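Asks: Could you have a look at this structure, given as structure tokens, before my questions?
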Amino acid sequence: MSANALMSLGMRAMNANYAALQATGHNIANANTEGYSRQSAQLETAGGQFSGAGFFGRGVNVSTMARAHSEFLTREAATSRSIAASDEARSAQLQLLEKVFGTGEDGLGYAAGEMFNAFVDVANKPQDSSARQVVLARAAELASRFRSAGEQIDSLQQGVTLDLKATVGNVNQLAQQIASLNQKIAAVRGTGQPPNDLLDQRDLAINQLSEYVQVSTIGADDGTTSVFIGGGQRLVLGTEVTKLTTLADPYDPLRVTLGLVEPGGQRRALGESMVGGGSLAGLLRVQNHDLVDARNLIGQMASAISGRVNEQQALGLDLRQPAGSGAPLFSVGTPRVAPSSANAAINGVPVASTFDASGVRVPTVSMTVLNASELVASDYELVADPSLPAGTFQLTRQSDGMTMTVSDGDMVDGFRIDVKSPLPVAGDRFLLQPVGGAARNMNLVLGDPRGLAAASPVTGTVGVDNQGTASVAALRAADVSLNPNLVATLTFTDDAGGYAWTLVDSTGALPTTSGTGTWTAGRPIELNGWELQLAGVPKGPGASSTGDTIVVARTESPAGNNGNANALMALRDLGIVGARTLADGSTVPGDTITDAYAGVLADVGVRVQTARLSAEQSAAMAADAKQAQAATSGVNLDEEAARLIQFQQSYQAAAKMLQIAQSIFDTLLQTAGR
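354 is the number that this note's numbering gives to position 353 of the sequence shown; each next residue is one higher, with no gaps.
What follows is the structure, encoded as structure tokens:
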């Protein structure tokens, strides 16, 4: 072997070790660079040179600069990061939602209890204006708390909308960055060597994109990677980008949905289920489910309180002159019907619409609340299904997905659906919100303390010659059918509670009616729209006496009567929220106001705890996946320091080889010159 061959070996060795030193230095320099994958010089023998004495090696070549990379671990890290981001986004929003629902004295249940308790003083002194003023103050505080809770939920919705729009902007920016990196990678693909730093930058961009929306990737032969979302919706295809956008919700302009901008500029909606994961999925879940449910839950309470209090008010007598039925105490506005923006229209005017009394165009679908206690905490979607007979529609209760067929005038869950002409055409959709806006629209509308209807329109009087211990414990108007002109006389016919009754019209307009009944201890006597509760035990006729009597007649002095104040106070302990009427006409009581609010707190609390636990678990899984990826691709400075010494020594040995080769060459020259 000549001296030149030895020098070639030394040069190759020096170049190889210099390349290894460069790779090690690059690793050390980027040890803290996010997304960087460790690189190393891949060496191979330069092959042998044949001679009569065999093959002599020609040294070493640098085949490529390889990066430590696992496609599987990179994909797992991105997927787990996407799930963690979704859970974290939802958990953060739910913790804000939890603050809307105060506990203890700050809660809605406490404020409702304080208002009903204030009727105690009115019942004790019906004519006391200060006691009446306290009731109005407590009622105003209750309405204010409901209104504040509704407004806070609306504020959270506005924040979610802004976050969704900002996130969509970040997604589009990262998608454009990935497409640009694809173009650069494809441009250098012809060199036959991988552009490691560009590949790292693209993987980092895809990983960051996964934080916003769950993605899947497919590599191409030209080195580009295509990115898909929503189970196959393309976001990046080679160097082309399909932009994500926000679309106005078809029912509510304050909310947004996601969509894709097609190449022709057309916008196509992207369903929530197609997003998969990422913070976009978490925010959409909060917007479409958590906030809607919370708004409906407190709206159901506001509607039930307002409806039942106003109903009882209307059954009593106030202190105004002349005394009349009580005016409404609260207002929660009218139920909202929102037509879809995609409904059929002619020249931009919705077909299924008309003008109201004030000249405002409104949909021909409307709702009327008939029984506030039976309202359900849910929205409903009404669809003009072409497969149904004309004049019938499909109604879906969104809280549980229950569907039913309805037509004009049908009553569902405490409200009546009215569909007038012009009727919706096939494909038209309407969102019905019987309780959705009740909380934010709740107001005290009675300002005059004299307007509180504390008096019952009828008064019960026991006979002076009664022999039993029965007395009037409570007498309240229970139904609008009550006619105060009818004088009722109850005469007990035995000691077992049997009685006979007559109803005589004091004006002479109606004929006298009569009948019999049986009183049971603890249960009221119901007649003429009123309920009479007895204390003690009545006695039937004896040897020297007739049966006990009780007369129920018009109240002549409302200032001294507390029958309706007691009835209003009793609403505190009645199941007025979420009652149900069964098919046989019987009624299943709902929850009391206190229990209903406790249920709301429990519902929100469970969501918060579940979301927090999910966020913690998914964050731990994401950290494990990232650690597993780092174990393969990350830089270990201790290892790099050891390699630095190794390659330094190898480089020095190669330099020594060159020195020896030079010495041999010089010796050969000297020998040849002699």
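We put the CB at the ideal spot given by N, CA and C, even for glycine.
Just so we're clear, the structure is a prediction, and the values are computed from it rather than from any experiment.
For Arg430, list the residues DSSP reports as bridge partners.
Replies: Looking at the DSSP output, Arg430 sits in a beta bridge with Val384.
Asks: Given this structure, state the Cα-to-Cα distance separating Asp449 from Asp495, to the nearest angstrom.
Replies: 47 Å
Asks: I'd like the ranges of any alpha helix (DSSP H) spanning at least 4 consecutive residues and lying wholly in the stretch 229-296.
Replies: 279-286
Asks: Quick one: measure Cβ to Cβ for Gly279 and Glu212, integer angstroms, because I've assumed they're closer than 8 Å.
Replies: 6 Å
Asks: So what's Met443 in DSSP terms, helix, strand or just coil?
Replies: coil
Asks: Tell me which residues share the same chain as Gln61 and place their Cβ nearer than 8 Å to its Cβ, disregarding the 5 neighbours each side in the sequence.
Replies: Going by the sequence as given, residue 61 is Val instead of Gln. Result list for Val61: Arg13, Ala14, Ala17, Leu44, Glu45, Thr46, Ala47, in chain order.
Asks: Consult DSSP for Asn28 and reduce its assignment to one of helix, strand or coil.
Replies: helix
Asks: Mind the definition here: the stretch 326-340 touches the stretch 306-314 only if three or more C-beta pairs lie below 8 Å; say whether that holds.
Replies: Taking a cut-off of 8 Å for Cβ pairs, the stretch 326-340 and the stretch 306-314 touch, as three or more such pairs fall below it.
Asks: For a test of the three-state rule: what should DSSP assign to Met2, helix, strand or coil?
Replies: With a pLDDT of 49 at Met2, under the threshold of 50, the predicted position of this residue should be treated as unreliable, and no value is reported.
Asks: Since Leu429 and Asn344 are thought to touch, with beta carbons under 8 Å apart, how far apart are those beta carbons, to the nearest angstrom?
Replies: Residue 429 is actually Asp in this sequence, not Leu. Rounded, the Cβ-Cβ distance is 4 Å, consistent with contact.
Asks: Candidates Arg148, Arg269, Trp520, Gly224: which alpha carbon is nearest Arg190's?
Replies: Gly224
Asks: Let me know the secondary structure DSSP gives Gly518 once reduced to three states.
Replies: strand
Asks: How is Phe648 classed by DSSP in three states: helix, strand or coil?
Replies: helix
Asks: Distance check for Glu99 and Asp129, CA to CA, integer angstroms please.
Replies: 40 Å
Asks: DSSP three-state label for Gln468, please.
Replies: coil
Asks: Excluding the 5 residues preceding and the 5 following Ala475 in the sequence, name in chain order all residues of the same chain whose CB lies nearer than 6 Å to its CB.
Replies: Hits under 6 Å: Gln534, Asn567.
Asks: Who does Arg555 pair with in a DSSP beta bridge?
Replies: Val459
Asks: I need the straight-line Cα distance from Thr547 to Met403, nearest angstrom please.
Replies: 58 Å
Asks: For a test of the three-state rule: what should DSSP assign to Gly82, helix, strand or coil?
Replies: Just to set this straight, residue 82 is Arg in the shown sequence, not Gly. Correct three-state label for Arg82: helix.
Asks: Taking Ile179 as part of the alpha helix (DSSP H), name the residues at either end of that continuous run.
Replies: 130-188
Asks: Using beta-carbon positions only, say whether Val436 and Leu376 come within less than 8 Å of one another.
Replies: yes
Asks: For Ala303, count neighbouring C-beta atoms within 10 Å of its own C-beta (all shown protein chains included) and say buried if the count is 16 or more, exposed if not.
Replies: A residue is called buried once 16 or more other Cβ atoms fall within 10 Å of its Cβ, and Ala303 is buried on that count.
Asks: Please classify Thr5: is it buried, with 16 or more other beta-carbons within 10 angstroms of its beta-carbon, or exposed?
Replies: Just to set this straight, residue 5 is Asn in the shown sequence, not Thr. By the neighbour-count rule (16 or more Cβ atoms within 10 Å), Asn5 is not buried but exposed.
Asks: Does the distance from the CB of Leu7 to the CB of Ile665 come in under 8 Å?
Replies: yes
Asks: Tell me, which residues are paired with Glu687 by DSSP?
Replies: Summary: the structure shown does not reach residue 687, with the chain confined to residues 2 through 675, and so no result is reported for it.
Asks: Quick check: the stretch 18-36 against the stretch 648-655, are there 3 or more CB pairs under 8 Å?
Replies: Judged by Cβ distances under 8 Å, the stretch 18-36 makes contact with the stretch 648-655, as three or more pairs qualify.
Asks: Rank Ala623, Gly283, Pro525 by C-alpha distance to the C-alpha of Arg91 and give the top, closest one.
Replies: Gly283
Asks: Between Glu152 and Gly516, what straight-line distance do the alpha-carbon atoms span, to the nearest angstrom?
Replies: 54 Å
Asks: Report the residue from Glu241, Ile299, Phe648 whose alpha carbon sits nearest the alpha carbon of Ala150.
Replies: Ile299
Asks: Using 8 Å as the threshold, is the C-beta distance between Asp122 and Ala112 below it?
Replies: no
Asks: To which residues does DSSP link Val350 through a beta bridge?
Replies: Ile347
Asks: Grab me the residues of Gln399's own chain with a C-beta within less than 7 Å of its C-beta, minus the 5 sequence neighbours each way, in chain order.
Replies: Ser379, Asp380, Tyr381, Glu382
Asks: Between the beta-carbon of Gln630 and the beta-carbon of Leu74, is there less than 8 Å?
Replies: yes
Asks: Does the Cβ of Asn125 have 16 or more other Cβ atoms within 10 Å, making it buried, or fewer, making it exposed?
Replies: If you draw a 10 Å sphere on the C-beta of Asn125, you find fewer than 16 other C-beta atoms in it, and that means exposed.
Asks: Should Ser341 and Phe416 be called a contact, given that it needs their Cβ atoms to be closer than 8 Å?
Replies: no
Asks: Please classify Arg362 as buried or exposed, where buried requires at least 16 neighbouring CB atoms within 10 angstroms.
Replies: With a 10 Å radius around the Cβ and a threshold of 16 neighbouring Cβ atoms, Arg362 comes out exposed.
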